[in-house]
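The block underneath contains the structure these notes are about, expressed in structure tokens.
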Amino acid sequence: MKIDFLVDFIEKCDCFEISDKLKLLLFILSNKPATFAPLKIYPKNLEDKSHFEKHLNEHNFFPIIGKPKSFEEIDKISGNKIIWSIKGTWYGYDLFKDKKAKELFKKYIYLVKKQKHDEADFIAGKIYDYPVCCVRNYIKENKLDWLKKKYSYYKYYKKQHDLERKFPFVIHSPCSLKCKATQKLNRKNKQIIKKHAPRFYKEFTKKKSFKSDFIVEGENNFITGIKEQKLWSAEKGHDYNIISKNKFNKHNYMFSYLSKNKYEKGTILQGRAVIQHNYADFVFKKTKKIIKNLVHVRHFKALGRKY
Ligand SMILES: [Zn+2]
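Sequential numbering of the sequence shown, starting at 3, is according to the numbering used here.
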């Protein structure tokens, strides 16, 4: 079957992040209306783009292919500098099950441009096949006042971490840990991937562990429009961004790490990361020195797209 060649390519290639592989495989294997994935080209995998497109041409996915953009990755960490350098080019791929899904996507873009975000999010929920309860909740949680009323800092980030661990096979933000629609979807997606993309399933579910020093790079929060203030302040919990000083799979990874301990920016935590699915758990043995005045040296912000 032609589908097998495409699945095989996605499972083996180096051009998609693991979370994007999951999105693409679910789109292809479970007949979802649409998906989006960035394809990354390094000097080592130049032929992946034409190879991917050759397989795409065997199907009617009505692709919209974005213009090439450069991307950066962490090259090295030296003293107080996290040095990024341009590693290649990425292209965004929007794929659709049929013309109707593509038309709906165009409507979505139109609404985003008109700043009608709630309406746009509802349509996005349809295009990407998210449960309605979760889309409603997502729209509510986009309003920062509501978010602050509903959660403490720790409760909010704890929920995000728990959701990732409970539902690794869904690609939307579930409304709650008890969401029935998400439970069902997570189970269904897992079965589909296990059956039809076993190579990816094995890689995705395997526990991968590595030792490193991890640098506390910053702390997550929402910034409110008024004087760029943080949404939550002085809370008993911290959702840190931490960067592995050692390379794993040739990359310095950035992870999120939730803790009740207070660490200054630049603190080095020595320990081990255990990666499974799309998240990492940590065991830290000790706190080493603090790097003062930690800075990023880079050209662009993170990979992403704007309308
Ligand atoms: Zn839900």
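We treat Cβ as the ideally placed atom computed from N, Cα and C, and that holds for glycine. Values in this document were obtained by computation on a predicted structure and should not be read as measured data.
Just to confirm my understanding: we take residue i, look at its own chain, exclude 5 residues before and 5 after, and list those with CB closer than 7 Å. What are they?
| i | result |
| --- | --- |
| lysine 42 | Cys17, Phe73, Gly90 and Trp92 |
| isoleucine 30 | Ile5, Leu8 and Val9 |
| histidine 57 | Phe7, Leu8 and Phe11 |
Going by the beta-carbon positions, is the gap between residue i and residue j smaller than 8 Å?
| i | j | result |
| --- | --- | --- |
| tyrosine 132 | alanine 122 | no |
| serine 261 | tyrosine 242 | yes |
| isoleucine 245 | threonine 269 | no |
| tyrosine 95 | phenylalanine 38 | yes |
| leucine 233 | asparagine 223 | yes |
| lysine 186 | phenylalanine 171 | no |
| valine 297 | asparagine 82 | yes |
| lysine 252 | aspartate 215 | no |
| lysine 34 | tyrosine 130 | yes |
| glutamate 219 | tyrosine 156 | no |
| alanine 199 | glutamate 13 | yes |
| lysine 23 | phenylalanine 257 | no |
| valine 137 | phenylalanine 124 | yes |
| histidine 279 | threonine 207 | yes |
| isoleucine 79 | asparagine 254 | yes |
| phenylalanine 98 | alanine 36 | yes |
| leucine 106 | threonine 226 | no |
| isoleucine 88 | isoleucine 76 | no |
| lysine 101 | phenylalanine 64 | yes |
| histidine 119 | asparagine 144 | yes |
Run through the DSSP bridge pairs and tell me what residue i is partnered with.
| i | result |
| --- | --- |
| aspartate 215 | Gln272 |
| phenylalanine 257 | Ile244 |
| glycine 90 | Phe73 |
| proline 40 | Gly94 |
| glycine 220 | Asn243 |
| histidine 301 | Beta-bridge pairing links histidine 301 to no other residue. |
| lysine 210 | Ile277 |
| alanine 282 | Ile277 |
| isoleucine 66 | Asp96 |
| lysine 14 | Partner(s): none; lysine 14 has no beta bridge. |
| threonine 289 | Leu271 |
| phenylalanine 250 | His253 |
| serine 80 | Lys83 |
| lysine 232 | Ile225 |
Could you pull out every residue in the same chain whose Cβ sits closer than 8 Å to the Cβ of residue i, ignoring the five residues on either side in sequence?
| i | result |
| --- | --- |
| serine 211 | Arg274, Ala275, Val276 and Ile277 |
| lysine 1 | Residue numbering for the chain in the displayed model covers 3 to 309; residue 1 lies beyond these limits and cannot be assessed. |
| histidine 53 | Phe11 and Cys15 |
| lysine 51 | Cys17, Leu41, Ile43 and Tyr93 |
| leucine 179 | Lys161, Asp164, Leu165 and Lys168 |
| valine 285 | Gly273, Arg274 and Val276 |
| threonine 289 | Tyr265, Thr269, Ile270, Leu271 and Gln272 |
Using a Cβ-Cβ cutoff of less than 6 Å, which residues in the same chain neighbour residue i once the five nearest sequence positions on both sides are dropped?
| i | result |
| --- | --- |
| serine 32 | Ile194 |
| histidine 174 | Tyr132 and Cys136 |
| tryptophan 148 | Lys142 |
Considering only heavy atoms of ligand 3, does any lie closer than 7 Å to the CB of residue i?
| i | result |
| --- | --- |
| lysine 25 | This structure simply doesn't include ligand 3; it includes ligand 1 instead. |
Just jot down, in chain order, the residues whose CB lies closer than 6 Å to any heavy atom of ligand 1. Pro133, Cys135, Cys136, Pro176, Cys177, Cys181, Ala183 and Thr184
Mind pulling the alpha helix (DSSP H) runs of 4 or more residues that sit fully within the stretch 136–164? 146–152
Any alpha helix (DSSP H) of 4 or more consecutive residues that is wholly inside the stretch 165–213: 182–198 and 200–207
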